[in-house]
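To keep things clear, I will list the structure first and then write my remarks on it.
Residue numbers (my numbering), protein chains in the order written: chain L, 247 to 545; chain G, 247 to 545.
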C-alpha cells in the first residue's frame, strides 16, 4: 500500500493528525531515568534515550498514528545513539506506528540515492516510512528520494517553509515573481501530482514541511500544493495553535499532520501543567498532553 | 589551534590541497574484499567498508592533508555502518589527517545545536574537524554550527554553489539583484570575516562548498568570499579540471581544498588506467591517482 494510503488509514483509525516528535534531550528527560548517568558517557546517555523513547511509545501508540524521531538527537550520542534509534523505529513498527524520520537529508544524485536507500522503505537499513529532505541542491538531488519512495511505498517531506524566525533569509526572497519557498512548493506539487494521478489517489508520496508559525502561508501553501501532504511543525512550544493550523487540512480533515515534540514528550515540564505531575508521573503528563492536543485539533 | 590554522599547516606540510572523499560504494570496492558478502547483509557490508576505508587511509595518509567521509554511505548500512564511520574517523586522526564530515546537515536552532555538538570538535561524539551544512533554513539554523565550530576549534562548510546539474533550480534564481547562491555567499563571507578578524587570521571557521564544475562562478565566489575556505567538489569524475579550479586559490596557494572521491579511491576502475592495475592492486592505483592529482594541481 502507498505511503499516502497508509497515512490516511492510520489517521482515520486513530482519529487524529497528531504527529509526536521523538526528540530526546538529556536535560529534559525525567531525572529518575537519568540518575547517575554522566552526560559525557555516551553509552549511558544512549541507554537513557532508548528507555525513555520506548516507554514514550508505549504511552502514545494507542492514541496517535505517527511519530517523528529527530535524527540529530540520536546522532549526537554517537554510534550507540544510532543503535537506540534503530530500536525505536523497530518498536514503533511493532506498535503499528508510522515512522517519519526527521533527518533533512540531501546530496547530489548518486549520494542522494544512498540516503534514500538507507532510510526509506521496509527493506532499507533503517526502515523509515518517510524522511524529511532539504531542497537547496535542486531537483536532481530530490528526485532520487522520490524514486526510492515510490518504489518502496515510502514518502518524503521536502522543506518548503520552515517554522524558525530566520527561515526567511533564503525562503522569502522573491525571484521571477515568486518567493523561493513558492518555487520549492511548485516543484513539490508537480511531483506529488504526477504520482497521485498515476496511483489514482488524492495525495502523492511527496509532501512538504510548512511551519505552523505562519498561518497565512499555511493556507496559501495548502492551495498551492493540493496533492501534497503537509507536515506542520511549530505547534505548541513554537507558538502554533489549533486555529492557525486549520487551513492545512482538506474538507475531510486529511492532508496534514501536525507535529508537537517538547509539548508532549516533556509535558511534565510544561508551565501550564505546573504542580500537576511529578517527575515520575511523566507518562501521565504525556498522555494528558496528547489527548488535549487531539481534542484541540478535533474541535 | 583554530581549524583554519590547522588546515593551512597541514596543506603546507603535505604540499597539496587534495581532499580525498571516503565514499564506500559496495559494487565498486575491489571484488576480493567483498567476496562472499551478501549486499543485503548489513553487518557484512559494514565490515567491508571498514576494512576498505582503513586500508585506503594507510595509502593516502602520507600524501594528503585531509579526508571527507560521505556520511550517506555509512548511514546506508545502518548502525553497524555508523560504527565503521567512527573507526574511520578515529584511525584518520591517529594518522594525523583532518576529517571533514560530509553530512550536509541542518535544522532549526536547538536541533542544529544537537547536530553541531554531535559532529564538531575533539570532545564531540564523532569528533569531526569540520562538517558540511545546508543553508535552506536560514541564518538562525547555521549560526549554532558556527558557534560550536568556533568554540571547539572546528570548521563548517556551507553549501553555496553545488556541482550537480540541477543545483541551479534554487541556487541560480535572482532575487534583489543577486542569485540565491550569492545571498548565501554573502552571509558566509560576513560570518567568516568576523571570525577571521577576531582571530587575526586570513580565513574564518566558516567555509563554502563551491563546485568545480562551474569555473567562472568559482572565480567570482573566491573574490566574493575572501575570508572563507572553499571546499571544491566535482574534480575528476564530475568533470572539474586543474585549470578550472585554479581561481579557487589565493596567491599563496591556500584558501581552497579540492575534493576527488571516485577518481582516487576507486582508481583501479578508471578507464584511463585500463589494464594498468588488477583488482588486488587497487592500493597502487589509489597512490598513483593521488600523486597524479597532486602533480596536476601543483603545476
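Cβ coordinates follow ideal geometry from the N, Cα and C atoms, glycine included.
Can you tell me whether DSSP reads residue i as helix, strand or coil?
{"i": "residue 281 (chain L)", "result": "coil"}
{"i": "residue 421 (chain L)", "result": "strand"}
{"i": "residue 452 (chain G)", "result": "strand"}
{"i": "residue 502 (chain G)", "result": "strand"}
{"i": "residue 439 (chain L)", "result": "helix"}
{"i": "residue 510 (chain L)", "result": "helix"}
{"i": "residue 401 (chain G)", "result": "strand"}
{"i": "residue 481 (chain L)", "result": "strand"}
{"i": "residue 276 (chain L)", "result": "coil"}
{"i": "residue 471 (chain L)", "result": "coil"}
{"i": "residue 254 (chain L)", "result": "helix"}
{"i": "residue 446 (chain L)", "result": "coil"}
{"i": "residue 324 (chain G)", "result": "coil"}
{"i": "residue 412 (chain G)", "result": "helix"}
{"i": "residue 545 (chain G)", "result": "coil"}
{"i": "residue 301 (chain L)", "result": "helix"}
{"i": "residue 387 (chain G)", "result": "helix"}
{"i": "residue 289 (chain L)", "result": "helix"}
{"i": "residue 271 (chain L)", "result": "coil"}
{"i": "residue 247 (chain G)", "result": "coil"}
{"i": "residue 570 (chain G)", "result": "Summary: the structure shown does not reach residue 570 (chain G), with chain G confined to residues 247 through 545, and so no result is reported for it."}
{"i": "residue 521 (chain G)", "result": "coil"}
What residues match up with residue i in a beta bridge as DSSP calls it?
{"i": "residue 351 (chain G)", "result": "G:379"}
{"i": "residue 345 (chain L)", "result": "L:313"}
{"i": "residue 366 (chain G)", "result": "G:374"}
{"i": "residue 407 (chain L)", "result": "L:456"}
{"i": "residue 265 (chain L)", "result": "L:312, L:505"}
{"i": "residue 486 (chain L)", "result": "L:481"}
{"i": "residue 331 (chain L)", "result": "According to DSSP, which records beta bridges pairwise, residue 331 (chain L) is partnered with nothing at all."}
{"i": "residue 476 (chain G)", "result": "G:454, G:502"}
Whose Cβ in chain G lies nearer than 8 angstroms to the Cβ of residue i?
{"i": "residue 352 (chain L)", "result": "350, 380"}
{"i": "residue 401 (chain L)", "result": "By Cβ distance, chain G contributes nothing, its closest Cβ being about 19 angstroms from residue 401 (chain L), past 8 angstroms."}
Can you name the residues of chain G whose CB is closer than 9 angstroms to the CB of residue i?
{"i": "residue 341 (chain L)", "result": "Result: empty, since nearest Cβ-Cβ is about 20 angstroms, beyond 9 angstroms."}
Report the neighbours of residue i on chain L: residues whose CB is nearer than 8 angstroms to its CB, in chain order.
{"i": "residue 405 (chain G)", "result": "382, 383"}
{"i": "residue 316 (chain G)", "result": "353, 357, 360"}
{"i": "residue 319 (chain G)", "result": "357, 360"}
{"i": "residue 332 (chain G)", "result": "324, 325"}
{"i": "residue 363 (chain G)", "result": "322"}
Against residue i, what residues of chain L qualify as contacts under a CB-to-CB distance less than 9 angstroms, listed in chain order?
{"i": "residue 287 (chain G)", "result": "Per Cβ cutoff of 9 angstroms: no residues; residue 287 (chain G) is ~11 angstroms from chain L at best."}
{"i": "residue 502 (chain G)", "result": "Under the 9 angstroms cutoff, chain L gives no residues; its nearest Cβ is about 19 angstroms from residue 502 (chain G)."}
What residues from chain L crowd round residue i, counting only those whose CB sits closer than 7 angstroms?
{"i": "residue 284 (chain G)", "result": "Chain L residues near residue 284 (chain G): none, gap ~13 angstroms exceeds 7 angstroms."}
{"i": "residue 386 (chain G)", "result": "410, 411, 412"}
If the cut is a Cβ gap below 7 angstroms, which residues of chain G does residue i touch?
{"i": "residue 328 (chain L)", "result": "325, 328"}
{"i": "residue 336 (chain L)", "result": "Correct list: empty, because the minimum Cβ distance to chain G is about 11 angstroms."}
Verify the contact flag: residue i, CB atom, against every heavy atom of the ligand ZN, threshold strictly below 6 angstroms.
{"i": "residue 366 (chain L)", "result": "Questions concerning the ligand ZN fall outside what the structure shown contains, since it holds no ligand whatsoever."}
Under 7 angstroms between C-beta atoms, does residue i make it to chain A?
{"i": "residue 335 (chain G)", "result": "Of the protein chains in the structure, L and G, none is chain A."}
*Report the residues of the stretch 262-277 of chain L with a CB closer than 9 angstroms to any CB of chain G, ordered along the chain.*
Contact residues of the stretch 262-277 of chain L toward chain G are 269, 271 (C-beta to C-beta distance below 9 angstroms).
*Could you name the residues of the stretch 409-436 of chain G whose beta carbon sits closer than 8 angstroms to any beta carbon of chain L, in the order they occur along the chain?*
409, 410, 411, 412, 413, 414, 415, 416, 417, 419, 420, 421, 422, 426, 429, 430, 433
*If you measure beta-carbon to beta-carbon, which residues of the stretch 366-377 of chain L are closer than 7 angstroms to chain G?*
Along the stretch 366-377 of chain L, going in chain order, the ones with a CB nearer than 7 angstroms to a CB of chain G are 371, 372.
*Mind checking the stretch 465-477 of chain L against chain G and listing, in chain order, the residues whose C-beta falls within less than 9 angstroms of any C-beta there?*
none
*Quick one: any contact between the stretch 489-505 of chain G and the stretch 526-535 of chain G, if contact means 3 or more CB pairs under 8 angstroms?*
no
*Is the stretch 355-367 of chain L touching the stretch 377-394 of chain L in the sense that three or more CB pairs, one from each, lie closer than 8 angstroms?*
yes
*For the stretch 298-317 of chain L and the stretch 261-279 of chain L, state whether three or more C-beta atom pairs, one from each stretch, are separated by less than 8 angstroms.*
yes
*Give a yes or no on contact between the stretch 487-498 of chain G and the stretch 510-529 of chain G, applying the rule of three or more CB pairs nearer than 8 angstroms.*
Not touching, per the Cβ criterion.
*Per the contact definition of three or more C-beta pairs closer than 8 angstroms, is the stretch 366-380 of chain G in contact with the stretch 417-424 of chain G?*
Output reads no: the stretch 366-380 of chain G does not touch the stretch 417-424 of chain G.
*According to a CB-to-CB cut-off of less than 7 angstroms, which residues of the stretch 527-540 of chain G neighbour chain L?*
none
*Between the stretch 440-451 of chain L and the stretch 462-473 of chain L, are three or more C-beta pairs nearer than 8 angstroms?*
yes
*the stretch 282-301 of chain G touching the stretch 532-545 of chain L, judged by at least three CB pairs closer than 8 angstroms*: Under the Cβ criterion (8 angstroms, minimum of three pairs), the stretch 282-301 of chain G does not count as touching the stretch 532-545 of chain L.
_Any contact between the stretch 455-462 of chain L and the stretch 404-411 of chain L? By contact I mean 3 or more CB pairs, one from each, below 8 angstroms._
yes
_Quick check: the stretch 422-441 of chain L against the stretch 263-281 of chain L, are at least 3 beta-carbon pairs closer than 8 angstroms?_
no
*Contact between the stretch 372-380 of chain G and the stretch 338-357 of chain G: three or more CB pairs below 8 angstroms?*
yes
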